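*Asks:* Just add 392 to the spot in the sequence shown (first one is 1) and you have our numbering.
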Amino acid sequence: MTVPWSLYQKSRPRTRAPHIPSEDPTSPQARYSQIAASELHKFELFFLFLTFLSPLLGALLLRYASEAILGPDAVSWFSTGFVLPSYTTLYITPPPTLSASEEAHQQLEHRVAQLEKALGKMRTKVAHTTEDVYEYVDDAVDAVEHAMRKQERKWDKYEGKVKEVEQAVGQLHAVTTRKEHATTLYASLLADISAFKSGFLSTLYYFTNPPPHKTLCRGHTLKTPMRSLSGTSTPLETIVEEEYAVDAYPLLARPSSITSSLVYRAGYIATLPLRAVARMIFRNY
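1. Pick helix, strand or coil for residue 521, following the three-state DSSP scheme.
2. Is it true that the CB of residue 429 sits closer than 8 Å to the CB of residue 396?
3. Just to confirm, are residue 668 and residue 580 a CB contact at a threshold of 8 Å?
4. Please check the pair residue 403 and residue 435, which I expect to be a contact at CB under 8 Å, by giving their CB distance rounded to whole angstroms.
5. In three-state DSSP terms, what is residue 462?
6. Exposed or buried, residue 418, counting other C-beta atoms within 10 Å across all chains shown (16 or more means buried)?
7. Name the two residues that bound the continuous alpha helix (DSSP H) containing residue 398.
8. Find the nearest neighbour of residue 575 within the set 425, 452, 532 and 671, judged by alpha-carbon distance.
9. Can you give me the C-alpha to C-alpha distance between residue 548 and residue 520, rounded to a whole angstrom?
10. May I ask you to report which of helix, strand or coil DSSP gives residue 419?
11. With the cut-off set at 8 Å, would you say residue 439 and residue 400 are in Cβ contact?
12. Quick one: Cα of residue 437 to Cα of residue 504, how far?
13. What separation, rounded to the nearest whole angstrom, lies between the Cα atoms of residue 566 and residue 666?
14. Looking only at its own chain, which residues have a Cβ that is under 6 Å from the Cβ of residue 432, when we skip the five neighbours before and after it?
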C-alpha cells in the first residue's frame with residue numbers, strides 16, 4: 393500500500409517558484425513541458441487508483457492465504473475489515489516533502505535560537521564594555537577639566553599681571569610725555585625770553601649811549617725802516633698809509649628802524665602766551 397501512495401506523491405505536479413520567470417508558450421521547451429505534465433497527470437491518476445485499490449487487494453490476499461493455511465474459520469471477515477482502517481493512516485500522514493520542510497524549519501529555529509543566545513551574550517559584553525569605557529572616559533574628562541580649570545586660573549593671574557604692567561607703562565608714558573612737554577615748553581620760553589632780553593638790552597643800549605660823531609682815523613706810520621731779506625744794508629722804502637674817515641650815524645637819525653623794532657618786540661611779547669599754548673596743543677616744538 394505504501395508504494396502506490398509514494399508514487400502518487402512523486403507524480404503530483406510541482407509549482408514554479410515566483411522568482412523563476414515563466415517560459416515562452418510558443419517555444420519548443422514549453423511544448424515538451426506540457427507533454428511531460430500530461431504524462432505525469434496520467435500517472436498521478438493511475439497511482440491514486442492503485443492506492444485505493446491496494447487495501448482491498450491486500451485484504452483478499454490475506455483472506456485467501458489464511459484459508460489455505462489455517463482453514464476457512466481461522467480469520468473472520470470482521471478481523472480482516474478491522475485491519476483495513478489501519479491503512480487510512482497513510483492518507484492522514486503528511487507527505488515526506490512536508491516532513492523534510494518541517495525538519496529544515498526546526499533546524500532553522502534551533503539555529504535562530506542559538507544566534508539569539510549568542511547575540512544576547514554579545515549585548516551583555518558590549519554593555520559591560522560600554523560601562524567600562526564610560527567610566528574611563530569620565531575619569532579622563534574629569535582630569536582634563538581639572539587641568540583646564542587650573543590653566544584658566546593661571547591665565548587669569550597672568551592677565552591680571554599683564555594689565556598691571558600695561559597700566560604702569562601707560563602711567564610712565566604719560567609722566568614722560570608731560571615731562572617732555574614741560575621741558576620743551578620751558579626751553580621754548582627760555583629761548584623767547586633770551587631773544588626778548590637781547591633785543592631789549594640792545595635797544596636800551598642804543599638809547600643810553602651818547603651818539604657818536606664823525607671821526608677821522610689815521611693810520612700808524614712805520615718809524616723803523618724795513619731791511620731787505622737779501623742781507624744788504626740798503627733800507628726798504630716805507631709806505632705811508634692814507635687817512636680814511638669813518639662815518640657813524642646816531643640811532644636817533646633812523647626813526648623808521650626804531651619804530652619797526654619796537655613794534656616787533658611788543659608784538660612778540662604780547663603773543664608769547666598764545667604761541668606757547670599753540671605749541672602745547674599741536675606739539676610743534
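Backbone N, C-alpha and C define an ideal beta-carbon position, used for all residues, glycine too. These numbers were taken from a predicted model, which means no experiment stands behind them.
*Replies:* Taking the definition as stated:
1. helix
2. no
3. yes
4. 4 Å
5. coil
6. exposed
7. 394–403
8. 671
9. 42 Å
10. coil
11. yes
12. 41 Å
13. 24 Å
14. 403
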